[in-house]
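Numbering (our numbering), first residue to last: 225 to 813.
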């Protein structure tokens, strides 16, 4: 399975090899570009003063052409339309399982805790998955560069399936928590590698449509998860929330085995790969993230007060270790997990800031809005999920249309700006919700929020891909995107939970933070102040996300606009020139 370096560029729209004339033309353009870049390097100064920092972005706006030999991770052979469909179907299958696993468990926890007679540790079923999912996401980008995309994806899917079997067969709460952590190790890789594989097999200009479909998968999973979890708990058993992964996952993995054939770096042994692994970076990153996430989750769950020595020590040590990690990546690591050179491009750095903000806003709202419906309307967890269905569907449809629009108009920045602008308006309107607001008002406000989500959720990833100075960094850049979005979402959930807990505590009702539905069991005169305290906490969170969305709107105005197509000019023998759409390469167009 060594890579075939004699492959010619591939036009993915027709699935045929490019002609020899086009191949020679592309190589000539590549050589010319390399000479230009070498000239530019002597005139520019990296922002980060390191030997590995790249030069400042070139002044031209089109992404540089990349020779076929610079595509060591793409498909071994051209993908025709049918094979591309089957590969994407396999990717979508495992991605849907990883996405729905983040939400399906929520409505199974009461019956799970009841069977094991252990309510004290039930929150760890979700926390264990969250910890491993967030922690190892940056590692999969580097791993896929070393061992190949297909091997890494099959490994991640296999670990996820193993965790599913163990979770469904768990005979104690401890076993279930450990099994969920194993699931998270696999689910993290599935999410990161799905994005990486789509970038490998789909040209940049067409990628928006596919990423819109991925956004649709995430949105549907977010809504269907609680519904299916409730059905399994009520009609069958909570164990089916995990066992359902087996038949769907097996079919998806089979499609990937049969139809996904990717190149791998040649002439590099396993021992050579292992010698370049950033072991110190892995340890430092894991320790830092685990400590910070534990502090956020324990504080949000009221396990410890925010001012307690435990929370403060975890946060201080976690941040300190994170600083050491950055120094290691900057100065010591030969092949860093997170190359800081990505942040030497200020436009890329701004894009990543927007990714973090978008994760904070979207995932925070997806977690807290169902609680609002439960507290104000007395809705069940399943009914709350139904209330979010229009929001999810609208966001998904918008994401698909935005992807098609990006392909048609050859741009992404306008969609990002429009998304943050609409999100700022919607977040401001959310601050007006109170205990007297109707369900119709809440759902109406969610309409622009859903459109905002669809316009930004994966558009930012396409912007990151378009701005990469070196397209061979696409796996590392994509895994960093998934990591920052997940980290932002984790902090959004923790911050929102903390604000609601603080407000309830001030009303002497902190015991209702983890059991919102119990508010409706109170007498009317006792219920009103508790419900008001909950709404005040939610309103404070909405004020915060309004500020953060506004910050994202200002920041995204400074993102560079890079055309998604790679239209080159071809000189004729008579000296005239004509537009020529260069064949799309799979990694860098």
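For each residue, glycine too, the CB sits at the ideal point set by N, CA and C.
Q. Going along the chain, which residues of its own chain have a beta-carbon closer than 8 angstroms to the beta-carbon of residue 535, five neighbours each way excluded?
A. To locate residue 535, count along the chain shown from 1; it is residue 311. The residues are 519, 522, 523, 528, 529.
(Q) Counting C-beta neighbours from all protein chains within 10 Å, is the total for residue 709 16 or more, i.e. buried, or is it exposed? (A) Working through the chain shown from its first residue, we reach residue 709 at position 485. Residue 709 is classed as buried because its beta carbon has at least 16 other beta carbons within 10 Å across all chains shown.
Q. Pairing CB atoms from the stretch 540 to 556 with CB atoms from the stretch 625 to 641, are three or more of them under 8 angstroms?
A. They do not touch, by the three-pair rule.
Q.
Would residue 680 and residue 720 be called neighbours here (beta carbons separated by less than 7 angstroms)?
A. One-based indexing of the chain shown puts residue 680 at position 456. One-based indexing of the chain shown puts residue 720 at position 496. Taking 7 angstroms as the Cβ cut-off, residue 680 and residue 720 do not qualify as a contacting pair.
Q: Could you check the C-alpha separation between residue 383 and residue 624 for me, to the nearest Å?
A: Position 159 of the chain shown, counted from the first residue, corresponds to residue 383. Position 400 of the chain shown, counted from the first residue, corresponds to residue 624. Near 30 angstroms, if we compare the C-alpha coordinates of residue 624 and residue 383.
Q.
If you reduce the DSSP assignment to three classes, tell me which class residue 271 lands in.
A. Locating residue 271 in the chain shown gives position 47, counting from the first residue. Bear in mind that the predicted position of residue 271 carries a pLDDT of just 32, short of 50, making it unreliable; the figure below should be weighed with that in mind. Of the three classes helix, strand and coil, the one that applies to residue 271 here is coil, per DSSP.
Q) Which residues bound the alpha helix (DSSP H) around residue 501? A) Position 277 of the chain shown, counted from the first residue, corresponds to residue 501. Boundaries cannot be given for residue 501, as no alpha helix (DSSP H) includes it and DSSP labels it neither H nor E.
Q) Can you name the start and end residues of the alpha helix (DSSP H) that residue 705 belongs to? A) For this step, residue 705 is matched to residue 481 along the chain shown. Start and end: 698 to 730.
Q.
When you compare the stretch 432 to 451 with the stretch 319 to 327, are there three or more beta-carbon pairs, one atom per stretch, that lie closer than 8 angstroms?
A. The stretch 432 to 451 is in contact with the stretch 319 to 327.
Q. Can you give the Cα-Cα distance for residue 329 and residue 406, rounded to whole angstroms?
A. Here residue 329 refers to the residue found at position 105 of the chain shown. Here residue 406 refers to the residue found at position 182 of the chain shown. A straight-line Cα-Cα distance of about 15 angstroms links residue 329 and residue 406.
**Q.** Residues near residue 781 in its chain [Cβ-Cβ closer than 8 angstroms; skip 5 each side]
**A.** Reading the chain shown from its first residue, position 557 is the one you call residue 781. 641, listed in sequence order.
**Q.** Straight-line Cα distance separating residue 646 from residue 279
**A.** Residue mapping note: residue 279 aligns to position 55 of the chain shown, counting from 1. Residue mapping note: residue 646 aligns to position 422 of the chain shown, counting from 1. Per-residue confidence for residue 279 stands at a pLDDT of 35, beneath the threshold of 50, marking its modelled position as unreliable; the derived number appears in the next sentence. Approximately 35 angstroms, taken between the alpha carbons.
Q: Please list, in chain order, all residues of the same chain as residue 586 whose beta carbon is under 6 angstroms from its beta carbon, the five residues on each side excluded.
A: Here residue 586 corresponds to residue number 362 of the chain shown, with the count starting at 1. For residue 586, where only same-chain residues beyond five positions count, the Cβ hits under 6 angstroms are 677.
Q.
For residue 724 and residue 761, I'd like the C-alpha separation in whole angstroms.
A. In the chain shown, residue 724 corresponds to position 500, counting from 1. In the chain shown, residue 761 corresponds to position 537, counting from 1. One Cα belongs to residue 724, the other to residue 761, and the distance between them is close to 4 angstroms.
**Q.** Residues near residue 588 in its chain [Cβ-Cβ closer than 6 angstroms; skip 5 each side]
**A.** Translated into positions along the chain shown, residue 588 becomes position 364. Only 716, 717, 720 meet the Cβ criterion.
Q: Might you give, ordered along the chain, the residues of its own chain that have their beta carbon closer than 8 angstroms to the beta carbon of residue 711, omitting 5 neighbours on each side?
A: On the chain shown, position 487 is the one that residue 711 refers to. So the list reads 358, 513, 580, 583, once near-sequence residues are dropped.
Q. Taking just the CA atoms, how far does residue 754 sit from residue 819?
A. This structure cannot speak to residue 819, because the chain is shown only from 225 to 813.
**Q.** First through last residue of the alpha helix (DSSP H) which encompasses residue 463
**A.** Position 239 of the chain shown, counted from the start, is the residue given in the question as residue 463. In the DSSP annotation of this structure, residue 463 is not part of any alpha helix (DSSP H), being labelled neither H nor E.
Q. Three or more beta-carbon pairs under 8 angstroms between the stretch 461 to 468 and the stretch 378 to 397, yes or no?
A. Three or more beta-carbon pairs separated by less than 8 angstroms link the stretch 461 to 468 to the stretch 378 to 397, which places the two stretches in contact.
Q. Are three or more beta carbon pairs between the stretch 661 to 675 and the stretch 614 to 629 nearer than 8 angstroms?
A. Below 8 angstroms, enough C-beta pairs join the stretch 661 to 675 and the stretch 614 to 629 to call them touching: three or more.
Q: Determine the burial state of residue 683: buried for a count of at least 16 other Cβ atoms within 10 Å of its Cβ, exposed for fewer.
A: Here the question's residue 683 lines up with position 459 in the chain shown. With 16 or more other Cβ atoms within 10 Å, it is buried.
Q.
Which of the three DSSP states is assigned to residue 227 in this structure?
A. Against the chain shown, residue 227 aligns to sequence position 3. At residue 227, the pLDDT of 41 sits below 50, so the modelled position is not reliable; the number obtained from the coordinates is stated separately. Residue 227 falls in the coil class under three-state DSSP.
Q. Residue 436 to residue 629, Cα distance in whole Å?
A. What you label residue 436 is simply residue 212 of the chain shown in a count that begins at 1. What you label residue 629 is simply residue 405 of the chain shown in a count that begins at 1. The alpha-carbon atoms of residue 436 and residue 629 are separated by roughly 10 angstroms.
**Q.** Bounding residues of the alpha helix (DSSP H) (the contiguous stretch that carries residue 570)
**A.** Here residue 570 corresponds to residue number 346 of the chain shown, with the count starting at 1. DSSP places residue 570 in the uninterrupted alpha helix (DSSP H) bounded by 570 to 601.
Q: With DSSP collapsed to three states, give me the class of residue 450.
A: As a working mapping, residue 450 is identified with position 226 in the chain shown. DSSP, read as helix, strand or coil, puts residue 450 in helix.
Q. With 16 as the cutoff for other CB atoms within 10 Å, does residue 284 come out buried or exposed?
A. Locating residue 284 in the chain shown gives position 60, counting from the first residue. Since pLDDT at residue 284 reaches only 38, below the 50 mark, its modelled position is unreliable, and the value read off the structure follows with that caveat. With fewer than 16 neighbouring CB atoms inside 10 Å of its own CB, residue 284 falls in the exposed class.
Q: Mind checking which residues open and close the alpha helix (DSSP H) that includes residue 750?
A: What you label residue 750 is simply residue 526 of the chain shown in a count that begins at 1. According to the DSSP assignment, residue 750 belongs to the alpha helix (DSSP H) that extends over 748 to 780.
**Q.** Pair within 7 angstroms by beta-carbon distance, residue 365 and residue 703
**A.** Taking the first residue of the chain shown as position 1, residue 365 is located at position 141. Taking the first residue of the chain shown as position 1, residue 703 is located at position 479. Against a cut-off of 7 angstroms, the Cβ pair of residue 703 and residue 365 comes out as a contact.
Q) Just reading off the alpha helix (DSSP H) that residue 638 is part of, what are its end residues? A) Indexing the chain shown from 1 puts residue 638 at position 414. Per DSSP, residue 638 belongs to the alpha helix (DSSP H) from 637 to 654.
**Q.** Close-in-space but distant-in-sequence residues of the same chain around residue 479 (CB under 8 angstroms, 5 per side omitted)
**A.** Translated into the one-based positions of the chain shown, residue 479 becomes position 255. The answer, listed in chain order, is 310, 311, 313, 314, 317.
Q. Going by other Cβ atoms of all chains shown within 10 Å of its Cβ, with 16 needed for buried, is residue 663 buried or exposed?
A. The sequence position of residue 663 within the chain shown is 439, counting from 1. Exposure of residue 663 is indicated by the presence of fewer than 16 other C-beta atoms within 10 angstroms of its C-beta.
Q. Short check: CB of residue 608 to CB of residue 591, under 7 angstroms?
A. Here residue 608 refers to the residue found at position 384 of the chain shown. Here residue 591 refers to the residue found at position 367 of the chain shown. Going by C-beta atoms, residue 608 is not nearer than 7 angstroms to residue 591.
Q: Please report the Cβ distance between residue 373 and residue 515, rounded to the nearest whole angstrom; I am assuming they are in contact, meaning their Cβ atoms lie under 8 angstroms.
A: For the purposes of this step, residue 373 is taken as residue 149 along the chain shown, with counting starting at 1. For the purposes of this step, residue 515 is taken as residue 291 along the chain shown, with counting starting at 1. In fact, because the Cβ distance is near 31 angstroms, the residues do not count as touching under 8 angstroms.
Q: Assign residue 522 to one of three DSSP states: helix, strand, or coil.
A: Residue numbering aside, residue 522 sits at position 298 when the chain shown is read from its first letter. Reduced to three states, the DSSP call for residue 522 is helix.
Q. Excluding sequence positions up to five away, which residues of its chain have a Cβ less than 6 angstroms from the Cβ of residue 637?
A. Translated into positions along the chain shown, residue 637 becomes position 413. Closer than 6 angstroms at Cβ, skipping near neighbours: 783, 785.
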